[in-house]
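Scroll down for the structure; my scribbles are underneath it.
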Amino acid sequence: MERSDITIWPNSKGITKTSRIPWGQGGDAEMGTMMASAALKMDDVGIETFADELKVGTKLLYGQFEIESFLNAGGFGITYIARDSLQRRVVVKECFPSAFCRRTDTVVAARSRQRQDEFRSIVALFLQEALNLSKLDHPNIVKVHQVFQDNETAYMAMDLVEGPDLLETVEGTAPRLTPDQIILCLNKMLDALGYVHAQGFLHRDISPDNILLCRATGEPVLIDFGAARKDVTRKSRALSGLRVVKDGYSPQEFYISGSKQAPCSDLYALAASFCHLISGEAPRTSQERLSAIANREADPQRPLVGRVKGYPQAFLAAIDKAMSIFPKDRLQSVAEWQAMARGAAPVASVDGAAVAKPAAASATSPAPRLIQGRVQSQPAAAVVMRPRGALLRAALVPALAGALLLAGVMSVPADLWQRLGVTHSATAMAVAGATAPAPEPFAQQRVVRLPYHPDPADPARVDARLPWSPDWVQPGQRIVEVNGKPVQDGASIPGLMAEGLDLATLTDAKVIFGYEDGPGGDIVRKMADLAVVDQLKLGNGLIFEMEETPTGTRTVVAGLPATAKSALRLGDVLLAYAATGETLGTSTALQEILLREAANNVATYGFAVQRIDGIAVGSFTLPGTD
């Protein structure tokens with residue numbers, strides 16, 4: 001098994017690799033073999049070790065990091081333990097796609113001129129995805145602290161999580177977990193994965209060795225986001241082929257270059273990992289299972305239900321369904337998995353018949369800790385809402401419950417009601433406010449996404465950063481150029497960004513911004529790779545942007561003036577309209593809801609939203625109402 005990025009307990013024979021990298025046909029197969037073997041060499045006693053790694057003592061980023069030891073290498077890069085400038089031990093991952101590059105001293109360069117463009121594209125992709133990952137903030141996800149360039153390649157620095165991984169617990173080299181501990185661990189991983197999917201990511205490399213049990217906190221931690229992607233549809237053939245598959249854990253679509261992937265792909269891998277943990281038997285590969293089905297033979301992967309004791313049947317049934325070989329037959333979201341595991345609703349079987357509703361597990365004992373640590377469990381933090389929103393919450397939550405279970409892009413915590421400050425006795429009702437004025441046009445347009453929140457008084461000035469802002473964007477900067485053209489009026493910036501582009505056919509655009517280095521100072525020019533999105537701007541200044549991701553359409557709050565009557569926040573992801581339970585799964589869903597409800601004189605709109613700190617209810621009121 002390929003060791004995880006942060007595991008520091010290699011077995012007595014050193015680090016071994018069974019992960020494979022699938023490619024297309026012909027020459028790509030040779031490239032895949034090259035990728036898997038380029039970093040290997042034989043030592044004096046004939047044991048394979050990794051070559052091309054940085055030497056111990058090598059300094060990165062002008063001495064901010066010093067390499068202490070090599071951890072592992074794979075198709076995407078090389079991972080080290082390092083010490084930062086504060087003498088803390090961290091994990092540093094280096095972008096080193098060995099099929100495309102080589103090292104001279106410390107500098108990394110393309111293997112040949114033919115590979116140069118592909119290598120640079122991979123480095124750029126690594127940087128962008130590392131920056132995206134650095135925005136993830138969840139107690140059960142490894143934290144990326146710094147992303148930087150050095151040695152003509154890219155790096156990211158992450159937490160060093162010390163403790164065994166789940167593979168070691170299965171193999172018996174770490175203490176085994178009890179059924180209660182396994183249930184707790186899976187529930188926490190589902191919450192973490194739901195958060196990842198809500199941000200538009202797929203992990204794409206879940207396996208037992210990528211789930212650590214932190215000794216310091218007793219928490220399970222999902223690691224190794226090296227294969228995670230927000231959007232691979234725009235990338236080159238070589239980049240789309242860069243994926244690691246792990247036999248037994250990867251779903252069958254991971255073996256096919258260019259195949260469609262979705263949240264249910266991650267759920268298959270998570271289910272396979274816990275199937276191994278629960279049964280003690282390595283799962284059959286999805287390729288073997290697919291072959292058996294094609295030959296009209298029985299599925300060689302035996303379900304957990306009926307052969308494993310000590311677990312609630314609903315819990316096991318959810319794992320079995322998530323491991324269905326065909327994507328359409330699997331659980332499609334974390335929320336759907338959590339509902340089935342609780343026995344909350346029947347789930348359609350493959351042949352369309354209803355599966356009997358399993359009995360829910362009794363919960364009479366407190367949740368166990370996975371391993372002993374120093375951190376005490378804490379009650380869930382309440383979501384802070386404005387006082388005037390209390391009545392609104394009471395009206396929204398019952399209707400919102402079903403919407404969250406159907407949203408397919410997020411997880412639903414068990415303590416959702418308590419966190420929203422509402423009891424189950426609240427009466428469901430539609431959200432309505434004062435009579436609205438004549439309906440606004442709610443026109444949508446295709447735009448290049450602005451990389452900052454503009455100052456309302458001067459749109460050329462940066463008022464605040466946004467979740468997708470490049471590092472160079474800082475509050476107070478004034479944009480004076482866009483693509484080499486001077487900015488005469490801040491309101492003209494969106495037009496200058498889109499000038500000459502056919503936005504209907506694009507998903508992203510490169511824009512060069514020039515900003516003053518201090519009042520009257522030199523112009524500093526920076527390039528930004530920006531998404532092309534559908535934008536909806538309301539009369540109160542609220543701006544929503546609809547972005548396509550592998551997990552579906554995300555509707556994000558991109559503009560929020562201080563004068564708007566709103567309990568939303570910049571960066572909120574709208575999941576569902578609370579009054580009706582409608583999910584926002586398309587680029588026009590919000591527009592359609594507003595047009596319909598405004599015609600019915602609805603003035604106040606409430607939505608279930610995903611934030612970094614959890615799930616909340618956000619609302620806004622149209623202009624001219626109280």
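Counting in UniProt numbering, the sequence shown runs from 1 upward without gaps. The beta carbon of each residue, even a glycine, is placed where N, CA and C say it ideally should be. All values derive from a computational prediction rather than experimental measurement.
| Item | Value |
| --- | --- |
| Segments assigned alpha helix (DSSP H), at least 4 residues, entirely inside the region 447-519 | 493-498 |
| Sequence ranges, alpha helix (DSSP H) only - wholly within the region 517-603, length at least 4 | 589-599 |
| Whole-angstrom C-beta distance between L570 and L466, which should lie under 8 Å | 6 Å |
| Backbone secondary structure at H197 - three-state DSSP | helix |
| Identity of the residue in S265, R342, E516 nearest P312 by Cα | R342 |
| For N132, the first and last residue of its enclosing alpha helix (DSSP H) | 113-134 |
| Cβ distance (whole Å) where R330 is taken to contact A339 below 8 Å | Going by Cβ atoms, the distance from R330 to A339 rounds to 14 Å, so no, they are not a contact pair. |
| The region 553-561 in contact with the region 583-597 per 3-pair CB rule at 8 Å | yes |
| Euclidean distance between Cα positions of R529 and D508 | In the sequence as displayed, the identity of residue 529 is Asp instead of Arg. One C-alpha to the other measures close to 7 Å. |
| Test item: CB-CB of T285 and D247 under 9 Å | yes |
| Cutoff 8 Å; reference D52; Cβ partners in own chain excluding five residues on either side | A38, A39, A73, I78, F96, S98, R102, R103 |
| Supposed contact pair S291 and Y249 - C-beta distance, whole angstroms, cut 8 Å | Actually they are not in contact, since the Cβ atoms of Y249 and S291 sit about 17 Å apart, beyond 8 Å. |
| V245 to V511 span [Cα, whole Å] | 35 Å |
| Distance, G194 Cα to L594 Cα | 27 Å |
| D150 beta carbon less than 9 Å from that of K143 | no |
| Cβ-Cβ separation, L568 to L584 (assumed contact under 8 Å), whole Å | With a Cβ gap of about 13 Å, L584 and L568 do not count as contacting. |
| Simplified DSSP assignment, three categories, for L213 | strand |
| Entirely enclosed beta strand (DSSP E) segments - the region 304-334, minimum 3 residues | none |
| Helix, strand or coil at V170 according to DSSP, with G and I counted as helix | helix |
| Whole-angstrom C-beta distance between E545 and V533, which should lie under 8 Å | 4 Å |
| F76 burial status per 10 Å Cβ neighbour count (16 or more: buried) | buried |
| Closest Cα partner of R289 within the set F326, S265, S566 | F326 |
| Buried/exposed call for I256, threshold 16 Cβ in 10 Å | exposed |
| Beta-carbon gap between N140 and E219 smaller than 9 Å | yes |
| Pick from H276, V447, L560 that is closest to S492, judged by C-alpha positions | V447 |
| Any 3 or more C-beta pairs closer than 8 Å across the region 177-193 and the region 266-278 | yes |
| Per-residue burial, A317 [other beta carbons within 10 Å of its own, 16 or more giving buried] | buried |
| Cutoff 6 Å; reference H145; Cβ partners in own chain excluding five residues on either side | A157 |
| Whether S85 touches G57 by CB criterion (9 Å) | no |
| Three-state secondary structure assigned by DSSP to I182 | helix |
| Candidates Q444, V480, F607: closest to K461 by CA position | Correcting the residue identity first, residue 461 is Arg in this sequence and not Lys. Nearest C-alpha to R461: V480. |
| Straight-line gap, Q477 to L542 (C-alpha atoms, nearest Å) | 22 Å |
| Anticipated Cβ contact below 8 Å, P283 with L213, distance rounded | With a Cβ gap of about 20 Å, P283 and L213 do not count as contacting. |
| Rounded straight-line distance, which links the Cα of V305 to that of D299 | 15 Å |
| Counted within 10 angstroms of its Cβ, other Cβ atoms place K135 as buried (16 or more) or exposed | exposed |
| Residues bridged to E94 (per DSSP) | I78, Y155 |
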